[in-house]
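Asks:
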Amino acid sequence: MDIIIFILVIVALIVVHEFGHFVAAKLSGMRVDEFGIGFPPRAMIIAKKGETLYTLNWLPLGGFVKIFGEDGEGTDPRAFSKRPRILQALVLVAGIAMNLLFAYVLITGALMTGTPRALSDGDLSTARDVQLMIAGVLPGSPAANAGLIAGDTIISAQAGNTTFSGSDAKGFISFVAQGGADTTIALTIQHADKKQEIIVTQPKKGISVSDPSRAVIGVEVATIGVVPLSLLAAIREGAVLTYGATVLTAQGLWHFFYSIFTFSADLSQVAGPVGIAGIVGSASQQGLGDLLSIMAIISINLALINLIPIPALDGGRLLFVIIESIIRRPIKASIARGINAVGFVFLILLMVVVTANDIFKIVG
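In this note's numbering, each number is its position in the sequence shown, counted from 1, plus 16.
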């Protein structure tokens, strides 16, 4: 099921990208011969509207738009290569813009559906799936020594004959403090998909800066819940989050490709198709909000990767258009095809490497 969801997500995001090219090409007066979902061989013709075929193809790996004259050939004034270069550039950028816009829509939808976040007192009445989560663990503390990590969910706690079972962060802190030093606390936690029993021994005094006499186990806890936002609030917050995610993704891609060309890449932090499939599958199990959020992040990555000036990507083709504008003549089709072939080989090799890295992570 995870693989099916992953394929549907990737197909949807690539079709959105190609739809951006399609709309821009139509508006620019270019001849669009085909808009396809999936890759050939062709399964069926969905419709034919004007000169454009709308097709469904057998390989569920994305989609494509076939604009006449993309290869630089053809004498039709509506060919891609015969239209003004500013329009060519707009068509190339349109797919990128569509992915960013779609990411904004997805994040806005996720916020309206509700995403997990730390709750304030005012959120408790509207929140669902409220739980007590470990937000941080102090190194060397009793909690760290017991194996607690950030992200674990506390289901219940017992110290002697006293039991705590709730989602109130302040209540849990008070419960630990009331037990006093040298008290053994039995925690029932949710770690990933497993429920575990963990014993935390000898809660210390003196870790708390605000009150050094209080016994604490060295965790920062927060009450987490899912809070849906109104449409207007989601639109505002969605814009902020989309911008922030785009900036962070751009910085990450810059450092990654810089590390590749300086032979210092750390592939342990990179996810290929196999890794992304696992992430999408996990998100889908958490709920619609998480799935929409992950789709948005992938859409932003797809947009920014396509902006990179590597031949065979939109960014590489955009670079060709800029060069042609400077030299005031088209680059020979044979030269463009050769350069694009080199870029395509580079991308395939990179995909093989990151996919192999995904597999090594699983088997290792």
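The beta carbon of each residue, even a glycine, is placed where N, CA and C say it ideally should be. From a predicted model like this one, the values you see are computed outputs, not experimental measurements.
Can you tell me the Cα-Cα spacing of residue 185 and residue 151, whole angstroms?
Replies: Their Cα atoms are separated by approximately 11 Å.
Asks: Assuming residue 38 is part of the alpha helix (DSSP H), what are its boundary residues?
Replies: 18–43
Asks: Starting from the Cα of residue 302, find the closest Cα among 209, 250, 216 and give me that residue.
Replies: 209
Asks: Could you give the C-beta distance for residue 244 and residue 128, rounded to a whole number, given that I count them as a contact under 8 Å?
Replies: Confirmed, about 6 Å.
Asks: Since residue 158 contacts residue 217 with CB under 8 Å, what's their CB separation in whole angstroms?
Replies: Separation of the CB atoms of residue 158 and residue 217 is rounded to 6 Å, and the pair is thereby assigned contact status at 8 Å.
Asks: Please report whether the beta-carbon of residue 209 lies at a distance below 8 Å from any beta-carbon of chain D.
Replies: In the structure shown, chain D does not exist; there is a single protein chain.
Asks: When the Cα atoms are used, what is the spatial distance from residue 259 to residue 93?
Replies: 38 Å
Asks: Hey, is the stretch 31–51 in contact with the stretch 64–72, meaning 3+ C-beta pairs nearer than 8 Å?
Replies: yes
Asks: What is the rounded straight-line gap between the Cα of residue 261 and the Cα of residue 354?
Replies: 35 Å
Asks: Judging by CA-CA distance, which residue of 202, 170, 44 is the nearest neighbour of residue 176?
Replies: 202
Asks: Answer with buried or exposed for residue 365, where buried requires no fewer than 16 other C-beta atoms within 10 angstroms of its C-beta.
Replies: With fewer than 16 Cβ atoms within 10 Å of its Cβ, residue 365 is classed as exposed.
Asks: Does the beta-carbon of residue 213 have 16 or more other beta-carbons within 10 angstroms, so that it is buried, or is it exposed?
Replies: Residue 213 is classed as exposed because its beta carbon has fewer than 16 other beta carbons within 10 Å across all chains shown.
Asks: Counting Cβ pairs closer than 8 Å, one from the stretch 74–92 and one from the stretch 305–312, do we hit at least three?
Replies: no
Asks: Indicate the three-state DSSP secondary structure (helix, strand or coil) for residue 58 in the structure shown.
Replies: strand
Asks: Of the choices 277, 131, 233, 52, whose alpha-carbon is the least far from that of residue 246?
Replies: Of the candidates 277, 131, 233, 52, the one whose C-alpha sits nearest the C-alpha of residue 246 is 131.
Asks: What's the C-alpha gap between residue 155 and residue 234?
Replies: Those two C-alpha atoms are separated by around 8 Å.
Asks: Leaving out five residues on either side along the sequence, give the residues of the same chain with a beta carbon under 6 Å from the beta carbon of residue 174.
Replies: 202
Asks: Sorted by chain position, which residues of the same chain lie with C-beta nearer than 7 Å to residue 373's C-beta, five sequence neighbours on each side aside?
Replies: Cβ within range, chain order: 283, 286, 288.
Asks: Which residues in the same chain have their Cβ closer than 7 Å to the Cβ of residue 26, if we skip the five residues on either side of it in sequence?
Replies: Result list for residue 26: 78, in chain order.
Asks: Just to confirm my understanding: we take residue 116, look at its own chain, exclude 5 residues before and 5 after, and list those with CB closer than 8 Å. What are they?
Replies: Excluding sequence positions up to five before and after residue 116, its CB lies within less than 8 Å of the CB of 258, 262, 315, 316, 319, all in the same chain and listed in chain order.
Asks: What's the C-alpha gap between residue 97 and residue 238?
Replies: Approximately 57 Å between the Cα atoms of the pair.
Asks: First and last residue of the beta strand (DSSP E) that includes residue 73?
Replies: 68–83
Asks: So the candidates are 124, 137, 136, 182; which of them puts its Cα closest to the Cα of residue 147?
Replies: 182
Asks: Would you check whether the ligand ZN has a heavy atom nearer than 7 Å to the C-beta of residue 17?
Replies: Questions concerning the ligand ZN fall outside what the structure shown contains, since it holds no ligand whatsoever.
Asks: Return the residue from the list 256, 75, 266, 111 that minimises the CA-CA distance to residue 81.
Replies: 111
Asks: To the nearest angstrom, how far is the alpha carbon of residue 347 from that of residue 124?
Replies: 42 Å
Asks: Drop a sphere of 10 angstroms on the beta-carbon of residue 378, count the other beta-carbons inside from all chains shown, and report buried for 16 or more, exposed for fewer.
Replies: exposed
Asks: Measure the C-alpha to C-alpha separation of residue 332 and residue 36 and round it to an integer number of angstroms.
Replies: Spanning the two alpha carbons is a distance of roughly 17 Å.
Asks: Report the option in 328, 342, 135, 376 whose CA atom is closest to the CA atom of residue 358.
Replies: 328
Asks: May I ask you to report which of helix, strand or coil DSSP gives residue 113?
Replies: helix
Asks: Suppose you measure from the CA of residue 230 to the CA of residue 242; what does that come to, to the nearest Å?
Replies: Reliability of the predicted coordinates at residue 230 is poor, the pLDDT of 48 falling under 50, and no value is obtained from them.
Asks: Pull up the DSSP beta-bridge partners for residue 242, would you.
Replies: 132, 144
Asks: For a test of the three-state rule: what should DSSP assign to residue 164, helix, strand or coil?
Replies: In this structure, residue 164 counts as coil in the three-state DSSP scheme.
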